[in-house]
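Novice:
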Amino acid sequence: MRKTSIIISCIALVAIAFSAGCGGSVPISVSSSVPAPYESAPTGTVVTAEYTELAPRIDGVASELDEAWTNAQSTIVKVSDSANTYEVTLKAAFDDENFFLLATWKDESMDIGGKPWEVREGGTFKSGTSLPKQDMFALGFEASPIKEFTKQGCSVLCHDNSYMATNDKGEFIDIWTWMSAESGQLGTANDYVVGPLANSVDPKGETFETTSAYSYFPGSLYLNKRNARSPEFMQRLTIPYSLMTIGDLSKMVEVPADTTGLPAGLMVPYYIKNPGTGDVACQAKYDEQAKTWTVEFKRKLVTANPTQVQFAHKLEDGGFYLFGLSLFDNQKGVSHVYTTEPVSLEFSGK
7 MRKTSIIISC IALVAIAFSA GCGGSVPISV SSSVPAPYES APTGTVVTAE YTELAPRIDG
67 VASELDEAWT NAQSTIVKVS DSANTYEVTL KAAFDDENFF LLATWKDESM DIGGKPWEVR
127 EGGTFKSGTS LPKQDMFALG FEASPIKEFT KQGCSVLCHD NSYMATNDKG EFIDIWTWMS
187 AESGQLGTAN DYVVGPLANS VDPKGETFET TSAYSYFPGS LYLNKRNARS PEFMQRLTIP
247 YSLMTIGDLS KMVEVPADTT GLPAGLMVPY YIKNPGTGDV ACQAKYDEQA KTWTVEFKRK
307 LVTANPTQVQ FAHKLEDGGF YLFGLSLFDN QKGVSHVYTT EPVSLEFSGK
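Those letters in the sequence shown? Residues 7 to 356, by our numbering.
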């Protein structure tokens, strides 16, 4: 039996850039190096990915009929902020081609609004903190060696002005974010890479350039006027706003100059979604009775993108690698809870 390990460490402020509309896949020049295995893991919780010959169905159900999940160990991971602590139950599995991750947690409400515009009496529009946003779950994997990540975790990524970036040339984090409104209803997770900001300077004083801190970033198309006080386009009334994607652009109509005839309470999308081009399949379901989210992820063990984590290296080389998670409850990517200490993820049984 071969056993290998990956380390989980906190990821914070994962989705702020997404909510701000940063985006587009951009070319980034990186080396093909992957993190060298760490000889020892920090203390913390251990999640074991068991080898399975029967892959689980990625449907957000995690049925007892799925042998991969019934055989997998359940591990509780605590996430917190300065005031609150929550528990996420994780299971992991892998087969000869794919890695699977199952996450469940308590949530008193299903939030899938995505911060729409709402038509008020008289035809004016309302958008803001009082309107429904979305629930989110984020994972971040060390895709290339990052200095001090084993000691500082996500603090090496967090900077003033609420942005995330690595600090040195060739440092990249592979982030998967499930967002209940923006990607969850499309059956995908946002799959993008956080790297160094453009024109950063490494400790040796060498200036290097990247087009953006983010790549393979699905993004969204915003539908608002420049003053951002009302939408410029809206869906035809026969289309649910929450399911619209960029492919539905031809079904959009311009908001009429006279909006007094629009029905009060109509929800108009603040943006429409891009299905994304990443490698991560994802499905989620909310259990109204149990007040629980269940989210399932699936990704190839090996991809063609050198900025993404390559799980095959773990299977071949052994050792420990870095990874983190955070939760957002009815948020737009700001307030969140996250892991505060490393957690080890082991691959076992192959």
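Built from N, CA and C at the ideal position, the CB exists for glycine as well. On a predicted model such as this, the values are computed, not experimentally measured, just so you know.
Hey, quick one: how far does the beta strand (DSSP E) through alanine 290 stretch, first residue to last?
Specialist: Its beta strand (DSSP E) spans residues 287-293.
Novice: Alpha carbon to alpha carbon, how far is valine 85 from glutamate 114? Give it in angstroms, no decimals.
Specialist: So the alpha carbons of these two residues sit roughly 17 Å apart.
Novice: Taking 8 Å as the threshold, find out whether the stretch 190-197 comes into contact with the stretch 285-299 through three or more Cβ pairs.
Specialist: Yes, the stretch 190-197 touches the stretch 285-299.
Novice: So the candidates are Phe317, Gly271, Ser236; which of them puts its Cα closest to the Cα of glutamate 260?
Specialist: Considering only alpha carbons, the answer is Ser236.
Novice: Compute the Euclidean distance between the alpha carbons of alanine 78 and lysine 175, then round it to the nearest angstrom.
Specialist: The straight-line gap from Cα to Cα measures roughly 38 Å.
Novice: Return the first residue and the last residue of the alpha helix (DSSP H) that threonine 76 is part of.
Specialist: Threonine 76 -> alpha helix (DSSP H) spans 73-77.
Novice: Would you call the stretch 258-274 and the stretch 123-131 touching, i.e. three or more CB-CB distances under 8 Å?
Specialist: Yes: at least three Cβ pairs fall under 8 Å.
Novice: Would you decide whether glutamate 352 is buried or exposed? Buried here means 16 or more other CB atoms lie within 10 Å of its CB.
Specialist: With 16 or more other Cβ atoms within 10 Å, it is buried.
Novice: Per the DSSP calculation, serine 86 is bridged to which residue(s)?
Specialist: Per DSSP, Thr91, Tyr344.
Novice: How is glutamate 154 classed by DSSP in three states: helix, strand or coil?
Specialist: DSSP places glutamate 154 in coil when its eight states are reduced to three.
Novice: Taking Cβ to Cβ, would you say valine 343 is nearer than 8 Å to serine 350?
Specialist: Cβ distance not < 8 Å, so valine 343 and serine 350 don't count as in contact.
Novice: Specify the secondary structure class of serine 332 as computed by DSSP and reduced to three states.
Specialist: The answer is strand: DSSP assigns serine 332 an E or B state.
Novice: Assign alanine 26 to buried or exposed, taking buried as 16 or more other Cβ atoms, counted over all protein chains shown, within 10 Å of its Cβ.
Specialist: Any reading at alanine 26 must be qualified, since the residue scores a pLDDT of 32, below 50, and its modelled position is unreliable; no value is offered.
Novice: For threonine 110, does the three-state DSSP call read helix, strand or coil?
Specialist: Correct three-state label for threonine 110: strand.
Novice: Could you compute how far the alpha carbon of aspartate 65 sits from the alpha carbon of glutamate 302?
Specialist: For aspartate 65 and glutamate 302, the distance between alpha carbons rounds to 7 Å.
Novice: Below 8 Å, how does it come out for the stretch 97-106 and the stretch 138-155: are there three or more Cβ pairs, yes or no?
Specialist: No, the stretch 97-106 does not touch the stretch 138-155.
Novice: Quick check on the DSSP output: the beta strand (DSSP E) that includes isoleucine 181 runs from which residue to which?
Specialist: Looking at the DSSP string, the run of the beta strand (DSSP E) that includes isoleucine 181 is 179-185.
Novice: Confirm, please, whether the CB-CB distance from threonine 54 to alanine 109 is below 8 Å.
Specialist: No, the pair does not count as a contact, with Cβ atoms beyond the cut-off.
Novice: Quick check on the burial criterion: 16 or more other C-beta atoms within 10 angstroms. Buried or exposed for proline 377?
Specialist: Nothing about residue 377 can be read from this structure; the chain reaches only from 7 to 356.
Novice: For aspartate 197, report the span of its beta strand (DSSP E) as first-last.
Specialist: Taken as a continuous stretch (DSSP letters only), the beta strand (DSSP E) holding aspartate 197 covers 196-200.
Novice: Please check the pair threonine 314 and aspartate 180, which I expect to be a contact at CB under 8 Å, by giving their CB distance rounded to whole angstroms.
Specialist: One point to set straight first is that residue 314 is glutamine, not threonine, in the sequence displayed. About 5 Å; that satisfies the 8 Å criterion.
Novice: Classify proline 348 as buried or exposed, calling it buried when 16 or more other Cβ atoms lie within 10 Å of its own Cβ.
Specialist: Buried: at least 16 other Cβ atoms inside 10 Å.
Novice: Within the same chain, show all residues whose beta-carbon is closer than 8 Å to that of threonine 309, passing over the 5 residues directly before and after it, in chain order.
Specialist: Correct list, in chain order: Asp285, Gln316.
Novice: According to DSSP, is glutamate 212 helix, strand or coil?
Specialist: Residue confidence is low: glutamate 212 scores 41 on pLDDT, short of 50, so the model does not pin down where it sits. Its coordinate-derived value is still stated next. Three-state DSSP puts glutamate 212 in coil, outside helix and strand.
Novice: Is serine 186 near aspartate 254, with beta carbons less than 8 Å apart?
Specialist: No. Outside cutoff.
Novice: Please report the distance separating the alpha-carbon of leucine 107 from that of threonine 51.
Specialist: Leucine 107 and threonine 51: Cα-Cα distance of roughly 16 Å.
Novice: Just to confirm my understanding: we take alanine 68, look at its own chain, exclude 5 residues before and 5 after, and list those with CB closer than 6 Å. What are they?
Specialist: Excluding positions up to five away in sequence, the list reads Trp75, Leu108, Thr300.
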